[in-house]
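Reading through the structure tokens given below for one structure.
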DNA sequence: AAGGAGGGCAACCGCCGCGTG
DNA sequence: TCACGCGGCGGTTGCCCTCCT
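Next comes the structure, spelled out in structure tokens:
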């Protein structure tokens with residue numbers, strides 16, 4: 001037997017969200033905070049699946065989201081993190097405040113992938129393309145969707161993108177899904193781009209950042225409506241977000 | 001100016017892991 | 001220990017917009 005769908009398909013609207021639906025969802029979440037997503041559409045008066053509401057909120061409506069394309073530093077960070085973590089977009093997004101996993105995933109697939117290929121680097125393994133003599137099936141790390149990180153490939157990236165260095169595991173070990181210790185391994189500072197040059201990038205790559213839950217905006221107590229259930233507090237995070245269309249929601 | 005091709009992105013789908021009873 | 005429900009995640013799809021011919 002297949003798994004039950006997350007919501008009753010009948011009467012559940014799909015497709016692009018309207019401004020009216022956005023408004024309902026935002027108003028509800030500002031007033032009540034994030035609770036049981038399954039109950040949200042019902043309570044908010046939406047004919048949507050709870051998952052759909054969650055996705056819409058996380059990927060689009062969340063006021064702490066950054067808008068626009070990833071800048072060079074962010075892009076470089078994504079490349080580096082991808083070399084270490086693979087396609088674990090949520091983990092990568094966790095180190096990029098204001099960016100969502102979906103956004104990063106899309107950016108990777110549409111921009112960065114092509115960029116790396118153009119530079120002669122395999123976007124999956126982060127190895128130089130011309131060095132690859134084995135087929136993807138023959139490569140365990142590929143089969144597991146895990147990158148084979150190497151100093152050489154990373155250095156090549158650095159060469160091609162001189163403005164922004166990236167760091168990698170100094171021993172060239174591939175990042176493994178089964179070795180969570182990699183997550184906690186501090187990134188080696190790139191000789192071409194020292195911490196002094198970009199302490200922010202260095203900090204984001206550090207354990208301090210990853211383990212600091214205050215950077216997790218979805219659970220941030222500063223903005224969390226669950227912790228600060230008043231609409232006043234909730235509105236504060238709207239006001240902090242300059243390019244958010246507050247007027248769209250008549251707040 | 002019109003039509004086709006390609007790219008970008010929002011949203012959906014289905015699986016997985018975790019918490020709970 | 002097992003079953004179930006839920007949230008979260010990554011892969012994929014499909015629509016819309018832009019560019020090119």
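Numbering (the UniProt record's numbering), first residue to last: 1 to 251. We put the beta carbon where it would ideally sit given N, CA and C, even for glycine.
For residue i and residue j, what's the separation of their Cα atoms in angstroms?
i	j	result
residue 31	residue 38	17 Å
residue 79	residue 21	35 Å
residue 92	residue 109	14 Å
residue 82	residue 68	21 Å
residue 23	residue 55	15 Å
residue 44	residue 35	12 Å
residue 47	residue 61	17 Å
residue 127	residue 114	14 Å
residue 106	residue 129	22 Å
residue 52	residue 117	34 Å
residue 63	residue 119	36 Å
residue 17	residue 49	12 Å
Sorted by chain position, which residues of the same chain lie with C-beta nearer than 6 Å to residue i's C-beta, five sequence neighbours on each side aside?
i	result
residue 59	100, 102
residue 229	Unreliable placement is indicated for residue 229, whose pLDDT of 38 sits below 50; no coordinate value is reported for it.
residue 42	none
The alpha helix (DSSP H) that contains residue i, what's its start and end?
i	result
residue 80	72–85
residue 111	Here residue 111 belongs to no alpha helix (DSSP H), and DSSP marks it neither H nor E.
residue 92	89–94
Are the CB atoms of residue i and residue j nearer to each other than 8 Å?
i	j	result
residue 95	residue 70	no
residue 85	residue 57	no
residue 28	residue 12	no
residue 15	residue 65	no
residue 75	residue 121	no
For residue i, which residues in the same chain have their Cβ closer than 8 Å to its Cβ, ignoring the five residues on either side in sequence?
i	result
residue 104	70, 78, 89, 92, 93, 96
Ignoring anything shorter than 4 residues or poking outside the UniProt domain "Myb-like" (9–61), list the alpha helix (DSSP H) runs there in chain order.
19–32, 40–44, 50–56
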